[in-house]
Amino acid sequence: MLKYLLHYPQTVIEQAQRLITEERLGAWLLKKYPEPHEVRNNKALYDYTMALKNRYLRKSAPLNKVLFDGKIGQTHQALGLNISRTMAHGGKLKARKEIRIGTLFQHAPEELLKMIVVHELAHLREADHNRSFYQLCCHMEPDYHQLELDTRLYMTQLEMFGDIYQR
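Numbering follows UniProt numbering, with no gaps: position 99 of the sequence shown is 99.
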């Protein structure tokens, strides 16, 4: 039932289960995150992502594309993707980097969108989910781990009860 929380301690799962049973998960999320973000289209997402990249990862590979993708979550077990493509251009190979964010985050709280963007940006430097990767995530967003848990609770809310901002 709580597939997004499987790897969390039992106490966390029990707290989440209590919120769900008492139908208070949505209210808890709304109290913590009263408004969705204003990043509504791909250009705004690109600008948002580039501002974070330029602040924390100036020397990393350039990003060619950042967009919301409705296929993420349906075709991949992911919330966002970091894609590297090699393309032939004028007899030379050019590397192109893309970040794609699931459309379910088009109406999410800004803090949760930031957590997903930070996660995908960290993959520009660290391919694997290792200690260095999570240190980089926490450097860009100090509350990264709490926001990751809250994102999982938000996804549980969406799946079980619907969007908290559409009421």
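For each residue, glycine too, the CB sits at the ideal point set by N, CA and C.
query, result
"Start-to-end residues for the beta strand (DSSP E) that takes in Lys43", "Not the beta strand (DSSP E): Lys43 falls in the alpha helix (DSSP H), residues 42-56."
"Simplified DSSP state of Asp150, which is helix, strand or coil", "helix"
"Rounded Cβ spacing between Gln106 and Phe68 (contact assumed at less than 8 angstroms)", "6 angstroms"
"For Asp69, the residue or residues it bridges with in DSSP", "Gly102"
"Residues of its chain near Gln17, where Cβ-Cβ distance is below 7 angstroms and the 5 sequence neighbours each way are ignored", "Leu2"
"Cα-Cα separation between Phe133 and His123, rounded to whole angstroms", "7 angstroms"
"Residues near His119 by beta carbon distance below 7 angstroms, same chain, minus five either side", "Gly80, Cys137"
"Whole-angstrom distance between Gln146 and Leu45, CA atom to CA atom", "22 angstroms"
"Beta-carbon proximity list for His139, same chain, < 8 angstroms, skipping 5 on both sides", "Tyr56"
"Beta-carbon proximity of Leu113 to Tyr48, cut-off 9 angstroms", "yes"
"Assigned secondary structure, Gly26 (DSSP; H/G/I helix, E/B strand, else coil)", "helix"
"Nearest-angstrom beta carbon gap, Pro142 and Tyr33 [assumed within contact, 8 angstroms]", "Not a contact, Cβ separation roughly 17 angstroms."
"DSSP state of Lys97 mapped onto helix, strand, coil", "strand"
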